[in-house]
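Student: When we follow our numbering, the leftmost residue of the sequence shown carries the number 10, and every step to the right adds one. All C-beta atoms, glycine included, are put in the ideal place defined by N, C-alpha and C.
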Amino acid sequence: RPIFVAVPMDEHLLKEGVAVAMAVRLFAEKAVSLGKGAKLAGVPVEAFITQLGAMGVPAVDYPAEELDEELSTIEAHA
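1) Thinking C-beta only, is valine 41 closer than 9 Å to leucine 35?
2) Report the three-state DSSP secondary structure of lysine 45 (helix, strand or coil).
3) Does DSSP put glutamate 38 in a helix, in a strand, or in coil?
4) Can you find the residues in the same chain that come closer than 8 Å, C-beta to C-beta, to glutamate 79, ignoring five residues on each side of it along the sequence?
5) Using the Cα positions of alanine 30 and valine 69, report the straight-line distance between them to the nearest angstrom.
Structure, rendered in structure tokens:
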């Protein structure tokens, strides 16, 4: 559990608010899950994913090997 979170003062903070900026920061640092981040931000998961993208934070962080395995499984069932 984080005791202190530093959130940089930037355009996203000013535009989206402290809750969203803090949730994105916590998610980026892997301190909260996608669902928990959305809840902290006070937005639906889909909107949180969009916000992550706008701030350059990947919503999904697969290791390359795991992603290749997932894609192979999808191709095998297509």
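Tutor: Walking through what the data contain:
1) A Cβ-Cβ contact shorter than 9 Å links leucine 35 with valine 41.
2) It is helical.
3) Glutamate 38 sits in coil when the DSSP states are folded into three classes, being neither helix nor strand.
4) If you ignore the 5 residues before and after glutamate 79, its C-beta comes within less than 8 Å of the C-beta of Tyr71, all in its own chain and listed in chain order.
5) C-alpha separation (whole angstroms): 18 Å.
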